[in-house]
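Visitor: Here it is: the structure, laid out below.
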């Protein structure tokens with residue numbers, strides 16, 4: 003995103019563009035979405051789009067960075083200045099965020115999103131202490147497995163209309179991270 007002092011009108015414009023992008027991504031891959039299409043849905047001129055972003059990927063990157071900022075905020079509530087681990091309460095807050103913005107996460111976790119963006123978002127969780135006592139290489143494998151599983155669980159939860167509470171989903175995810183698929 004181009005640097006610019008953000009007043010309320012700019013924030014609103016960016017939010018409208020993000021919503022249009024998400025609406026498009028719910029139907030088709032980011033590579034097939036044009037700036038023209040985003041602007042049509044947003045009812046915003048392309049010149050306005052280009053005053054904020056270079057292309058649809060730039061808008062997606064901006065959106066991804068905002069998601070990461072929000073995830074960090076939810077984690078920092080519990081662990082402001084220390085080594086962090088994912089607790090039930092912090093994961094529940096993150097899942098509340100996912101539930102409140104279900105279309106955004108449905109799009110970001112779908113096959114219509116750029117895989118690098120998904121990895122960037124999920125990599126944020128790798129900063130948390132989950133698998134202590136393992137060598138770095140083994141820990142990387144556990145994270146890869148755990149993150150892929152979390153993405154799949156979130157996709158299923160979103161696709162099914164989020165029937166479980168966020169607290170219950172946090173329990174399920176933490177159980178899978180901690181104990182795997184054993185009973």
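Residue numbers (my numbering): 3 to 185.
Think of the CB as a built atom: it goes at the ideal place given N, C-alpha and C, for glycine as much as any other residue.
Just so it is clear, the structure is predicted and the values come from calculations on it, not from any experiment.
Among 151, 136, 105, which residue has its Cα nearest to the Cα of residue 121?
Guide: Nearest option by C-alpha distance: 151.
Visitor: Are residue 103 and residue 168 closer than 8 Å when you measure CB to CB?
Guide: Going by C-beta atoms, residue 103 is not nearer than 8 Å to residue 168.
Visitor: Look at the Cβ atom of residue 58, then the Cβ atom of residue 37, and state whether they are nearer than 8 Å.
Guide: Yes, the Cβ-Cβ distance between residue 58 and residue 37 is below 8 Å.
Visitor: Taking all protein chains shown into account, decide if residue 92 is buried (16 or more other Cβ within 10 angstroms of its Cβ) or exposed.
Guide: Buried is the call here.
Visitor: In whole angstroms, what is the alpha-carbon distance linking residue 153 and residue 182?
Guide: Residue 153 and residue 182: Cα-Cα distance of roughly 15 Å.
Visitor: For the putative contact between residue 188 and residue 142, defined by C-beta atoms under 8 Å, what is the C-beta separation to the nearest angstrom?
Guide: Outside the displayed range of the chain (3 to 185) lies residue 188, so it cannot be described from this structure.
Visitor: Just to confirm the assignment, what range does the alpha helix (DSSP H) spanning residue 91 have?
Guide: Where residue 91 is concerned, the enclosing alpha helix (DSSP H) stretches over 90–102.
Visitor: For residue 35, which three-state DSSP category applies?
Guide: In the structure shown, residue 35 sits in coil (DSSP, three-state: anything other than H, G, I, E or B).
Visitor: Using the three-state DSSP reduction, which class does residue 164 fall into: helix, strand or coil?
Guide: Three-state result, residue 164: coil.
Visitor: Would residue 147 be called buried (16 or more neighbouring beta carbons within 10 Å of its own) or exposed?
Guide: Exposed.
Visitor: For residue 40 versus residue 51, is the C-beta spacing smaller than 8 Å?
Guide: For residue 40 and residue 51, yes; Cβs fall inside 8 Å.
Visitor: Between residue 164 and the rest of its own chain, which residues show a CB-CB distance below 6 Å, the 5 nearest in sequence each way excluded?
Guide: Taken in chain order, the residues that qualify are 101.
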